[in-house]
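Numbering (the working numbering), first residue to last: 11 to 471. See below for the structure under consideration.
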Amino acid sequence: MKSRLRTIFWLMSLCMLGINGFQGYWLYTTYQLTTAQFARTAHEALLTVLQRQQLAELQALLRPAAGPEAYGRVALPVRQLDAAGRTRLRQLLQVGRRVPASAVAARRQEDSVAQALLHFLLQSSDTAPTLNLSHLAAAYQTELRLRGAEAAFRFDTVATAGPRRALVLPAGYAVQTPPVALPALPRVAVQASFQPPVFYALRQMGGLLAGSVALLALTTACFGLMLATILRQKKLSEIREDFVNNMTHELKTPLATVTAAVEALQHFGALQDPAKAQAYLAISRHELERLSGLVDHVLHMAVAEREPLQLAPETVRPAELVAELVAQHQLTAAKAVRFAVEVAPAAIRCDRLHLRNVISNLIDNAIKYSRDQVTITIQGQPESAGWRLTVTDDGIGIPADYQPAVFDRFFRVPTGNLHLVKGFGLGLYYVRQVIERHGGQLRLHSSPGRGSAFSFWLPAL
11 MKSRLRTIFW
21 LMSLCMLGIN
31 GFQGYWLYTT
41 YQLTTAQFAR
51 TAHEALLTVL
61 QRQQLAELQA
71 LLRPAAGPEA
81 YGRVALPVRQ
91 LDAAGRTRLR
101 QLLQVGRRVP
111 ASAVAARRQE
121 DSVAQALLHF
131 LLQSSDTAPT
141 LNLSHLAAAY
151 QTELRLRGAE
161 AAFRFDTVAT
171 AGPRRALVLP
181 AGYAVQTPPV
191 ALPALPRVAV
201 QASFQPPVFY
211 ALRQMGGLLA
221 GSVALLALTT
231 ACFGLMLATI
241 LRQKKLSEIR
251 EDFVNNMTHE
261 LKTPLATVTA
271 AVEALQHFGA
281 LQDPAKAQAY
291 LAISRHELER
301 LSGLVDHVLH
311 MAVAEREPLQ
321 LAPETVRPAE
331 LVAELVAQHQ
341 LTAAKAVRFA
351 VEVAPAAIRC
361 DRLHLRNVIS
371 NLIDNAIKYS
381 RDQVTITIQG
391 QPESAGWRLT
401 VTDDGIGIPA
411 DYQPAVFDRF
421 FRVPTGNLHL
431 VKGFGLGLYY
441 VRQVIERHGG
451 QLRLHSSPGR
461 GSAFSFWLPA
471 L
């Protein structure tokens, strides 16, 4: 069984790793594509801003002044960057400029306009005017916002003359646009470097990312739930097997004793000796009562599982119950037991019979799961609008791994196929049923080799 469970676990784990790995690779690839798309969008936005700036400079140059107008038409080559960053030559602009009417003739006026425009275009490639990067950055940020590609960036100028050098990303930046030549500065290019576009990627991949995370979480949860169910079923199977073994032993013992007593009466002349006959009959009666008690106990637990316990609340003095039970266990215990009782006199309302059984079960467990000698301390006092009782022993203790399950039905701390202390695992389950039915709480503090402390609190009904 363990080998099969181990095989199933490793196969399922391998399957989960494969699914998560492929899903993670797909998300990473999608993120890379989204980052590349962001880089293209940023580059196109930079080209647009630079072209817009070039047109603005030309419009400022050709803006008419005050005075009469003279018009002319001239074919001029004008440089304009296309989407790929290449220079195109465009044929013709219609230009107009205001000049004084008495300055020159109409022909001279047309020539003056052409010469002024040519002078600007030529001088822009031979001089080094000042570049306003802050103005360019503001326009670029606005363009990025319009395209939905906002991210923290910085501008850098790059010299285009001389040998090309590999572009190095500044520290903390992940995306960089190609250098774009400036129309007014032919030997200078500008490029933008961006920090990781996380928010842009989240906006673009939001649906995919949320769906993938939900799918992975659901798959992992199903895997964990299925594994927990398998382990729980395995645990229940072991508990059931242990219960059947103990029940078989407990039922066979009184039957074997009664059978031996009857055979003695029938075949060994015990009937002729009234004293022996009474002794055998007393033994048989005791074992039959024990057998009946075992059966009633199991049936009672089965009924309690389907229907809640029926309580008959009455005024009970816990100190009196504890005194009766201590005296009873001192007489019936098969080992040396020393009691230390500190129960404050008080009166509470609860079911007397069930409370008596609860305290008796706790004392009985403290005696059974201890060494040859045991000291049991019983403390009881009012607490938080109720009453608390604690039964502490110096027995073998309970490992921490098993403490959450000690109040489950049929549960016993695993000891292999050997159980030196017989039982069905129903005593503490019954304790939990009674305390919860009263609206109380249970606590357990235990350490292997140092003993256990069972405590319950009942509200003031």
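Don't be surprised by glycine CBs; every beta carbon is placed ideally from N, CA and C. None of the values given here were measured: they were computed from a predicted structure.
Self-check item: Pairwise C-alpha distance: Asp-283 and His-277
Solution: Residue numbering aside, residue 277 sits at position 267 when the sequence shown is read from its first letter. Residue numbering aside, residue 283 sits at position 273 when the sequence shown is read from its first letter. Using only the alpha carbons, I get a separation of about 13 Å.
When the Cα atoms are used, what is the spatial distance from Thr-187 to Arg-155?
Taking the first residue of the sequence shown as 1, we reach residue 187 at position 177. Taking the first residue of the sequence shown as 1, we reach residue 155 at position 145. Going from the Cα of Thr-187 to the Cα of Arg-155 covers about 17 Å.
Strictly by DSSP, which residues pair up with His-455? By one-based count along the sequence shown, residue 455 stands at place 445. DSSP lists Ala-463 as partners of His-455.
Report task. Give a single yes or no on whether Tyr-290 has its beta carbon closer than 8 Å to a heavy atom of the ligand NAP. Result -> The model depicted lacks the ligand NAP and carries no ligand whatsoever.
- Whose C-beta lies closer than 6 Å to the C-beta of Val-441 among residues of the same chain, with five residues either side of it excluded? Within the sequence shown, the letter at position 431 stands for residue 441. Here the set comprises Val-368, Asn-371.
(message) If I measure Cβ to Cβ from Ala-138 and keep anything under 6 Å in the same chain, skipping five residues before and after, which residues do I get?
(response) Counting from one through the sequence shown, the residue named residue 138 turns up at place 128. Low local confidence applies: a pLDDT of 45 at Ala-138 is under 50, so the model's placement there is unreliable, with the coordinate-based value given in what follows. There are no such residues.
Coarse secondary structure for Thr-187, derived from DSSP in three states: As a first step, residue 187 is located in the sequence shown; it is residue number 177 there, counting from the start. Coil.
Which residues in the same chain have their Cβ closer than 8 Å to the Cβ of Leu-37, if we skip the five residues on either side of it in sequence?
As a working note, residue 37 is residue 27 in the sequence shown. Around Leu-37: Met-215, Leu-218, Leu-219, Ser-222.
With a threshold of 8 Å, are at least 3 pairs of Cβ atoms found where one atom belongs to the region 457-466 and the other to the region 326-344? no
| query | When we look at the beta-carbon of Pro-207 and count the other beta-carbons within 10 Å, is it buried (16 or more) or exposed? | reply | Counting from 1 along the sequence shown, the entry for residue 207 is found at position 197. Buried is the call here.
- Distance, Leu-261 Cα to Ala-287 Cα: As a position in the sequence shown, residue 287 is number 277, starting the count at 1. As a position in the sequence shown, residue 261 is number 251, starting the count at 1. In a straight line, the C-alpha of Ala-287 is about 24 Å away from that of Leu-261.
Tell me which residue opens and which closes the alpha helix (DSSP H) that Asp-374 is part of. For this step, residue 374 is matched to residue 364 along the sequence shown. Here the alpha helix (DSSP H) through Asp-374 covers 362-378.
Checking the sheet assignment: what are the DSSP bridge partners for Ile-388? Mapped onto the sequence shown, residue 388 falls at position 378. Paired residues: Val-351, Val-401.
Practice item. Counting only the same chain and skipping the five closest in sequence on each side, list residues whose C-beta sits under 7 Å from that of Asp-418. Key: Against the sequence shown, residue 418 aligns to sequence position 408. Correct list, in chain order: Tyr-439.
Own chain partners of Ile-386 with C-beta closer than 6 Å, once the 5 adjacent residues on each side are dropped | Start at 1 with the first residue of the sequence shown, and residue 386 comes out as number 376. Closer than 6 Å at Cβ, skipping near neighbours: Phe-349, Ala-376, Asp-403.
Pairwise C-alpha distance: Gln-391 and Pro-355:
As a first step, residue 355 must be located in the sequence shown, where it is residue number 345. As a first step, residue 391 must be located in the sequence shown, where it is residue number 381. Using only the alpha carbons, I get a separation of about 8 Å.
Note to self: Buried or exposed for Trp-20, going by 16 or more other Cβ atoms inside 10 Å?
What the structure shows: Mapped onto the sequence shown, residue 20 falls at position 10. Per the 10 Å Cβ criterion, exposed.
- prompt: By how many angstroms is the C-alpha of Gly-28 removed from the C-alpha of Leu-65?
  reply: Along the sequence shown, read from residue 1 onward, the residue named residue 65 stands at position 55. Along the sequence shown, read from residue 1 onward, the residue named residue 28 stands at position 18. If you take the alpha carbons of Leu-65 and Gly-28, they lie about 56 Å apart.
Against chain C, does Ala-329 count as a neighbour if the rule is that its beta carbon must be under 9 Å from one of theirs? Any reference to chain C falls outside this structure, which holds one protein chain only.
What is the DSSP secondary structure of Arg-250, reduced to helix, strand or coil? Here residue 250 is taken as the residue at index 240 of the sequence shown, counted from 1. Arg-250 falls in the helix class under three-state DSSP.
Worksheet item: To which residues of the same chain is Ala-280 closer than 7 Å at the C-beta, ignoring the five residues directly before and after it?
Response: Your numbering for residue 280 matches position 270 in the sequence shown. Correct list, in chain order: Ala-274, Lys-286, Ala-287, Tyr-290.
When Ser-465, Cys-360, Ala-149, Leu-212 are compared against Leu-56, the one with the closest alpha-carbon | One-based indexing of the sequence shown puts residue 56 at position 46. Ranking Ser-465, Cys-360, Ala-149, Leu-212 by Cα distance to Leu-56 puts Ala-149 first.
So, for Ala-270: in the same chain, excluding its five sequence neighbours on each side, which residues have a beta-carbon less than 8 Å away from its beta-carbon? For the purposes of this step, residue 270 is taken as residue 260 along the sequence shown, with counting starting at 1. Hits under 8 Å: none found.
ask   = Since Ile-373 and Val-326 are thought to touch, with beta carbons under 8 Å apart, how far apart are those beta carbons, to the nearest angstrom?
value = By 1-based counting over the sequence shown, the position of residue 373 is 363. By 1-based counting over the sequence shown, the position of residue 326 is 316. Actually they are not in contact, since the Cβ atoms of Ile-373 and Val-326 sit about 17 Å apart, beyond 8 Å.
Less than 9 Å separating the beta-carbons of Phe-420 and Ile-249?
Position 410 of the sequence shown, counted from the start, is the residue given in the question as residue 420. Position 239 of the sequence shown, counted from the start, is the residue given in the question as residue 249. It is a contact, given that the beta carbons lie within the stated cut-off.
Open item on the list: I need the DSSP call for Ser-144, collapsed to helix, strand or coil.
Closed with: As a position in the sequence shown, residue 144 is number 134, starting the count at 1. Of the three classes helix, strand and coil, the one that applies to Ser-144 here is helix, per DSSP.
Relative to the C-alpha of Val-272, which candidate in Glu-251, Glu-393, Arg-295, Thr-40 has its C-alpha closest? As a first step, residue 272 must be located in the sequence shown, where it is residue number 262. If we check each option's Cα against that of Val-272, Arg-295 comes out closest.
Option nearest Phe-209 by Cα separation, candidates Thr-239, Pro-180, Tyr-41
Stepping through the sequence shown from its first residue, residue 209 is reached at position 199. The shortest C-alpha separation from Phe-209 is found at Tyr-41.
Q | First through last residue of the alpha helix (DSSP H) which encompasses Glu-334 | A | Within the sequence shown, residue 334 is the residue found at index 324, counting from 1. Taken as a continuous stretch (DSSP letters only), the alpha helix (DSSP H) holding Glu-334 covers 328-342.
Check whether Ala-159 and Ala-52 have beta carbons under 9 Å apart = In the sequence shown, residue 159 corresponds to position 149, counting from 1. In the sequence shown, residue 52 corresponds to position 42, counting from 1. Yes. Within cutoff.
Straight-line CA distance for Gly-407 to Trp-467?
One-based indexing of the sequence shown puts residue 407 at position 397. One-based indexing of the sequence shown puts residue 467 at position 457. Near 21 Å, if we compare the C-alpha coordinates of Trp-467 and Gly-407.
How far does the alpha helix (DSSP H) with Leu-438 in it extend, from its first residue to its last?
Position 428 of the sequence shown holds residue 438. First-last of the alpha helix (DSSP H) with Leu-438: 437-447.
Exercise for the section: Taking Glu-324 as the reference, give the member of Ser-394, His-364, Thr-152 with the closest Cα. Expected result: Here residue 324 corresponds to residue number 314 of the sequence shown, with the count starting at 1. Among Ser-394, His-364, Thr-152, the Cα nearest to that of Glu-324 belongs to His-364.
(Q) Counting C-beta neighbours from all protein chains within 10 Å, is the total for Gly-437 16 or more, i.e. buried, or is it exposed? (A) For this step, residue 437 is matched to residue 427 along the sequence shown. When all chains shown are included, Gly-437 counts as buried.
Is it right to say Ala-191 is buried, meaning 16 or more other beta carbons lie within 10 angstroms of its own, or is it exposed?
As a working note, residue 191 is residue 181 in the sequence shown. Label assigned to Ala-191: buried.
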